[in-house]
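Mind the numbering: the sequence shown is residues 48 to 378 in this note's numbering, read in order. Note that beta-carbon positions come from the ideal geometry of N, C-alpha and C, so glycine has one too. To start, the structure itself, in structure tokens.
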Amino acid sequence: MNVQVEVISKEIIKPSSPTPNPLRHYKLPFLDQLTPPSYTSLVFFYEFNGETQPAINEVSKHLKKSLAKGIAYLEAQVTNCRLCDFLNNPLPDELNKFIPFAQDGHIANEIALGVQLNMFEGGFAIGLCTSHKLADLLCMLMFTKTWAAIARDEVEIQRPQFVSATLFPPKGITCYNWGAGITTKKVTKRFVFDASTIEDLREKYTGLQNNEKQPSPVEALSAFMWRRFVGATKDDHDDKNKLHSLIHSVDLRPLIDPPLSPYSFGNIYGNSLTAPFLSSGDDDDGDQESSYGMVRRVQEAISKIDKDFVKRLQHGDEQLSLIGRPACSKC
Numbered sequence: 048m049n050v051q052v053e054v055i056s057k058e059i060i061k062p063s064s065p066t067p068n069p070l071r072h073y074k075l076p077f078l079d080q081l082t083p084p085s086y087t088s089l090v091f092f093y094e095f096n097g098e099t100q101p102a103i104n105e106v107s108k109h110l111k112k113s114l115a116k117g118i119a120y121l122e123a124q125v126t127n128c129r130l131c132d133f134l135n136n137p138l139p140d141e142l143n144k145f146i147p148f149a150q151d152g153h154i155a156n157e158i159a160l161g162v163q164l165n166m167f168e169g170g171f172a173i174g175l176c177t178s179h180k181l182a183d184l185l186c187m188l189m190f191t192k193t194w195a196a197i198a199r200d201e202v203e204i205q206r207p208q209f210v211s212a213t214l215f216p217p218k219g220i221t222c223y224n225w226g227a228g229i230t231t232k233k234v235t236k237r238f239v240f241d242a243s244t245i246e247d248l249r250e251k252y253t254g255l256q257n258n259e260k261q262p263s264p265v266e267a268l269s270a271f272m273w274r275r276f277v278g279a280t281k282d283d284h285d286d287k288n289k290l291h292s293l294i295h296s297v298d299l300r301p302l303i304d305p306p307l308s309p310y311s312f313g314n315i316y317g318n319s320l321t322a323p324f325l326s327s328g329d330d331d332d333g334d335q336e337s338s339y340g341m342v343r344r345v346q347e348a349i350s351k352i353d354k355d356f357v358k359r360l361q362h363g364d365e366q367l368s369l370i371g372r373p374a375c376s377k378c
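This is how it looks when you write it as structure tokens:
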């Protein structure tokens, strides 16, 4: 279904009070400098349950009050789809219509946060965008929890801790060019696995590898999905030793000495890269680079993002390796 969403209003919510002087200027840490100017987004769906339905103007008023800090706020009407129909088959590409900005928009350097209220027949959805230049996904979840607490008028509010620039001081990276990125068409698919299926995969891969360490749900699913992707996209003329890559983001907060609070603000994460050569065999039991072999490689790659990695990153040993020379040569 091609969901039609019509934006009916746009505004900037005025700050309810002046910004305190210590928070007027935010120094970008080194890790934030390396992050592309894009948006991280979430969409929350609220379906009316047949009881008394809140007036949508009251929902909007409540949102504006809780967000009265100077952010972009949009309201939109979904004209051809009930909320229950969309939730029965949520198409990933359609979700972008429920957020206020394009995820790869250049304004991510200018507007830090935006909210869009989408009104359906039978409910509503709240789309949220935060600038990836300032915050990672954990920060976004932290903001969402704090925002909900403020909306509920709670007294105890967890506030962000701005310590990242002290741990990862900014560097002179004036030549880093984010213009060169993915130019081919991107495809998004949605797959749903229940808890029992994931546990079966974890047990299977542990037994096949004779591995004492059971793979995490992410490790097991990553290997399973990636192996199937390779099998589905290969053809008879492909190089049998074709190189593929798999990237996982790892939270660095618990790896820093001493460990940081989960409320520490910034892009405090590292990326692990798994690049296994996969042969063309389809039989998991006979192919040594099949799914369970990939689990081992994924575990090894993620394990390299450890406390020693963080120390090297803080001391500068890993910093130049994170700055691609080809990108610098294009500036």
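Tell me whether residue i is buried or exposed, calling it buried when 16 or more other Cβ atoms sit within 10 Å of its Cβ.
i      : result
Tyr252 : buried
Gln335 : Residue confidence for Gln335 is low, a pLDDT of 43 falling below 50, so the modelled location carries little weight; the figure read from the coordinates is stated next. Burial call: exposed.
Lys180 : buried
Met187 : buried
Asn135 : exposed
Val54  : exposed
Met48  : exposed
Pro262 : buried
Asp200 : exposed
Asn127 : exposed
Glu246 : exposed
Ala242 : exposed
Ser85  : buried
Glu266 : buried
Ser63  : exposed
Thr87  : buried
Asp329 : Residue placement at Asp329 is flagged as unreliable, the pLDDT there being 45, under the threshold of 50; the coordinate-derived value follows with that caveat. Asp329 should be labelled exposed.
Pro83  : exposed
Gly97  : exposed
Pro69  : exposed
Thr177 : buried
Gly313 : buried
Ile204 : exposed
Ile294 : exposed
Leu290 : exposed
Phe77  : buried
Ala182 : buried
Considering only residues of the same chain and omitting the five flanking positions on each side of residue i, which have a CB-CB separation below 6 Å?
i      : result
Leu89  : Leu175
Gln51  : Thr126, Asn127
Asp332 : Residue confidence is low: Asp332 scores 46 on pLDDT, short of 50, so the model does not pin down where it sits. Its coordinate-derived value is still stated next. Excluding residues within five positions, none has a Cβ falling inside 6 Å.
Gln208 : Ser308, Tyr310, Ser311
Val210 : Ser311
Arg249 : Gln261, Pro262, Ala267
Is residue i helix, strand or coil when you go by DSSP?
i      : result
Asp298 : strand
Ile349 : helix
Thr253 : helix
Glu201 : coil
Ala149 : coil
Gly395 : What the structure shows of the chain is the stretch from 48 to 378, and residue 395 is not part of that stretch, so it cannot be assessed.
Ser85  : coil
Phe171 : strand
Ser211 : helix
Ser107 : helix
Ala102 : coil
Gly317 : strand
Thr126 : strand
Lys57  : strand
Asn135 : helix
Glu157 : coil
Val50  : coil
Val162 : strand
Val265 : helix
Asp334 : For Asp334, the pLDDT reaches just 48, beneath the cut-off of 50, and the residue's location in the model is therefore unreliable, leaving the point undetermined.
Ser64  : coil
Thr193 : helix
Gly328 : Unreliable positioning characterises Gly328 in this predicted model, as indicated by a pLDDT of 46, which lies under 50. The coordinate reading is nonetheless provided below. Correct three-state label for Gly328: coil.
Ala119 : strand
Once you ignore the five residues that flank residue i on each side, which residues in its own chain have a CB closer than 8 Å to its CB?
i      : result
Ser292 : Leu320, Thr321, Ala322
Gly13  : Residue numbering for the chain in the displayed model covers 48 to 378; residue 13 lies beyond these limits and cannot be assessed.
Met74  : Note that residue 74 corresponds to Lys in the displayed sequence, not to Met. Contacts found: Ala212, Pro217.
Leu114 : Ile60, Tyr120, Val162, Trp194
Lys15  : A question about residue 15 goes unanswered here, because the residues of the chain that appear run from 48 up to 378.
Ser56  : Leu121, Glu122
Val297 : Tyr316, Gly317, Asn318, Ser319, Ile349, Ile352
Leu110 : Tyr120, Val162, Leu164, Ile173, Ala198
Once the 5 residues before and after residue i are set aside, which same chain residues still bring their CB inside 7 Å of it?
i      : result
Glu58  : Tyr120
Leu302 : Asp353, Lys354, Val357
Leu299 : Ile315, Tyr316, Gly317, Val357
Asp304 : Lys354
Glu347 : none
Taking 8 Å as the line, does the beta carbon of residue i fall inside it for any heavy atom of the ligand ATP?
i      : result
Met189 : Judged by which ligands are present, the structure shown has none, so any question about the ligand ATP falls away.
Worksheet item: Within the chosen definition, does the segment 97–114 reach the segment 134–147 through at least 3 CB pairs nearer than 8 Å?
Response: The answer is no - the segment 134–147 does not touch the segment 97–114, with fewer than three Cβ pairs under 8 Å.
Worksheet item: So does the segment 303–313 actually touch the segment 270–283, counting three or more Cβ pairs closer than 8 Å?
Response: no
Worksheet item: Taking one C-beta from the segment 263–277 and one from the segment 338–349 each time, how about it: are there three or more such pairs within less than 8 Å?
Response: yes
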